[in-house]
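*Asks:* Protein chains in written order, with our numbering: chain A, 74 to 318; chain B, 11 to 108.
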């Protein structure tokens, strides 16, 4: 049976949609093994640990020294970079293949602009929430910006990671719940998390506590989600046979 | 023949074939990828994928580099400038035709 022009056009539209979706697959492939999320989780938890040490140590402790913080962050980033590289080289590439991404000058700027827009949106939402709902500056005014920042974070997560894997929507939901829980926590609890000595002079214990809770919870979620992805990846893939291609 | 049908008829037949279109679309988004990655994404068997790659190489749309990753042979594939241009034209014509 000959296909009519409408069916032919439908086929071509489908084909065009498939092309666009295929062109996005290499970017989503970056986290096929969960390594992207594991890296993010380790980074957030590393920052959380450093912040906790700062919050719970005297002002003259080494955790408050800039050089110690710089070494901590440097070692953490190096560990994440080389750890991710080792997993990719020894596990991912032999199982599902190697990809080298295009180096686009614009990408660095794009990330910078995205970061700026995120910060602005979070600040705008916090400002709008405070003025619209008349949130006072003592507690709600402290936890709300952190919670809203989390929600903006979730949007980026959904856009870049969750759309490739259906169960990651549950992870995004967990992030939203965490943001809401942080915003709802009593002032005393948040203040306790912030410790007795605020790491940054301009931040109150409660602001610091809200920040610490945020990065700890999100770090843990990323780590668990990345770990599950990694285990599933290992289960469902095998190293390729060493035959000629 | 109406304009739309004519536009579709003018499409690059090397790229328009579904298997090759998948390969070109995937390679267009990366600097280079290996054979295993394309096999994983396209779910084609080695023979079929090799045959499509040969056709694209003949048309000078892709560059094939045989190398080693440690002791394991690795085939790296990338779109040539000509291939990128042909794919960009293909997409443009497809959009015009729809």
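Glycine included, each C-beta is placed from N, C-alpha and C at the ideal position. Since this is a predicted model, take the numbers as computed values, not measurements.
Output needed for residue 37(B): all residues of its chain with C-beta closer than 7 Å, excluding positions within five of it in sequence on either side, in chain order.
*Replies:* Around residue 37(B): 43, 72, 87, 88, 89.
*Asks:* Hey, how far is the Cα of residue 130(A) from the Cα of residue 220(A)?
*Replies:* Roughly 26 Å between the two C-alpha positions.
*Asks:* Please determine, among 105(A), 91(A), 86(A), the residue with the shortest C-alpha to C-alpha distance to residue 308(A).
*Replies:* With distances taken between Cα atoms, residue 308(A) lies closest to 105(A).
*Asks:* Starting from the C-beta of residue 155(A), find all residues in its chain whose C-beta is less than 8 Å away, skip the five residues before and the five after it, and write them out in chain order.
*Replies:* Counting only Cβ-Cβ distances below 8 Å, and skipping sequence neighbours, we find nothing.
*Asks:* Is there at least one Cβ from chain C nearer than 8 Å to residue 169(A)'s Cβ?
*Replies:* In the structure shown, chain C cannot be found, because the protein chains are A and B.
*Asks:* Taking residue 62(B) as the query, report the chain A residues whose CB atoms sit under 7 Å from its CB, ordered along the chain.
*Replies:* Going along chain A, no residue has its Cβ under 7 Å from residue 62(B), so there is no contact; the nearest lies around 13 Å.
*Asks:* Closest Cβ-Cβ distance between residue 308(A) and chain B: below 8 Å?
*Replies:* For residue 308(A), the answer is no, since every Cβ of chain B falls outside 8 Å of its Cβ.
*Asks:* DSSP three-state call for residue 158(A): helix, strand or coil?
*Replies:* Looking at residue 158(A) - three-state DSSP - the assignment turns out to be helix.
*Asks:* Just the Cα atoms here: how many angstroms apart are residue 64(B) and residue 224(A)?
*Replies:* If you take the alpha carbons of residue 64(B) and residue 224(A), they lie about 48 Å apart.
*Asks:* Using a 10 Å radius around the Cβ and a threshold of 16 neighbouring Cβ atoms, would you call residue 78(B) buried or exposed?
*Replies:* Exposed: under 16 other Cβ atoms inside 10 Å.
*Asks:* Excluding sequence positions up to five away, which residues of its chain have a Cβ less than 6 Å from the Cβ of residue 136(A)?
*Replies:* Closer than 6 Å at Cβ, skipping near neighbours: 126, 127, 130.
*Asks:* Which partner residues of residue 86(A) appear in the DSSP bridge assignment?
*Replies:* Per DSSP, none; premise fails for residue 86(A).
*Asks:* Please state whether DSSP places residue 71(B) in a helix, a strand or coil.
*Replies:* Residue 71(B): coil per DSSP, three-state reduction.
*Asks:* State the DSSP-derived secondary structure class of residue 65(B), mapped to helix, strand or coil.
*Replies:* In the structure shown, residue 65(B) sits in a helix (DSSP, three-state: H, G or I).
*Asks:* Using the C-alpha atoms, what's the distance from residue 61(B) back to residue 102(B)?
*Replies:* Distance between the alpha carbons of residue 102(B) and residue 61(B): 26 Å.
*Asks:* Do you know how far the Cα of residue 237(A) is from the Cα of residue 252(A)?
*Replies:* Taking the straight line from one Cα to the other gives about 23 Å.
*Asks:* Would you mind telling me which residues of chain B sit closer than 8 Å to residue 92(A), beta carbon to beta carbon, in chain order?
*Replies:* Correct list: 31, 35, 101, 104.
*Asks:* So which residues on chain B does residue 313(A) lean against when the C-beta distance must stay under 7 Å?
*Replies:* Within 7 Å Cβ-Cβ: 46.
*Asks:* Looking only at C-alpha atoms, which of 171(A), 113(A), 175(A) sits nearest to residue 83(B)?
*Replies:* When only C-alpha atoms are compared, the closest one is 171(A).
*Asks:* Could you check if residue 126(A) belongs to the surroundings of the ligand GDP, using beta carbon to heavy atom distance under 7 Å?
*Replies:* Among the components modelled here there is no ligand, and therefore nothing to report on the ligand GDP.
*Asks:* Can you name, in chain order, every residue of its own chain whose Cβ lies under 8 Å from the Cβ of residue 242(A), other than the five neighbours on each side?
*Replies:* The answer, listed in chain order, is 231, 235.
*Asks:* Is there a C-beta anywhere in chain A that falls below 8 Å from the one on residue 108(B)?
*Replies:* With 8 Å as the cut-off, residue 108(B) counts as an interface residue toward chain A.
*Asks:* What do you reckon, are the CB atoms on residue 97(B) and residue 18(B) nearer than 8 Å?
*Replies:* No, the pair does not count as a contact, with Cβ atoms beyond the cut-off.
*Asks:* With DSSP collapsed to three states, give me the class of residue 206(A).
*Replies:* Residue placement at residue 206(A) cannot be trusted, given a pLDDT of 49 that sits under 50; what the coordinates show is reported in the next sentence. Three-state DSSP puts residue 206(A) in coil, outside helix and strand.
*Asks:* Could you give the distance in angstroms between the alpha-carbon of residue 107(A) and the alpha-carbon of residue 23(B)?
*Replies:* Distance between the alpha carbons of residue 107(A) and residue 23(B): 38 Å.
*Asks:* Find out if the Cβ-Cβ distance for the pair residue 164(A), residue 112(A) is shorter than 8 Å.
*Replies:* Contact: no.
*Asks:* Which residue or residues does DSSP assign as beta-bridge partners of residue 83(B)?
*Replies:* The partner list for residue 83(B) (beta bridge, DSSP) reads 78(B).
*Asks:* Give me the chain B residues within the contact set of residue 176(A), using Cβ-Cβ distance strictly less than 9 Å, ordered along the chain.
*Replies:* Within 9 Å Cβ-Cβ: 41.
*Asks:* Per DSSP, which one or two residues make a beta bridge with residue 43(B)?
*Replies:* Answer by DSSP bridge pairing, in chain order: 172(A), 87(B).
*Asks:* With a threshold of 16 other CB atoms inside 10 Å of the CB of residue 284(A), please say whether the residue is buried or exposed.
*Replies:* It counts as buried.
*Asks:* Cutting at 6 Å between CB atoms, please list the residues of its own chain near residue 97(A), excluding the five before and the five after it.
*Replies:* Cβ within range, chain order: n/a, list empty.
*Asks:* Determine whether the Cβ of residue 305(A) lies closer than 8 Å to any Cβ atom of chain B.
*Replies:* No, residue 305(A) lies away from the interface with chain B (no Cβ there is under 8 Å from its Cβ).
*Asks:* The alpha helix (DSSP H) with residue 127(A) in it runs from where to where?
*Replies:* Here the alpha helix (DSSP H) through residue 127(A) covers 108 to 128.
*Asks:* Less than 8 Å between the C-beta atoms of residue 95(A) and residue 107(B), yes or no?
*Replies:* No, Cβ-Cβ distance for residue 95(A) and residue 107(B) is not below 8 Å.
*Asks:* If we define contact as Cβ-Cβ less than 8 Å, is residue 51(B) a contact residue for chain A?
*Replies:* Taking Cβ atoms only, chain A reaches closer than 8 Å to residue 51(B), which makes this a yes.
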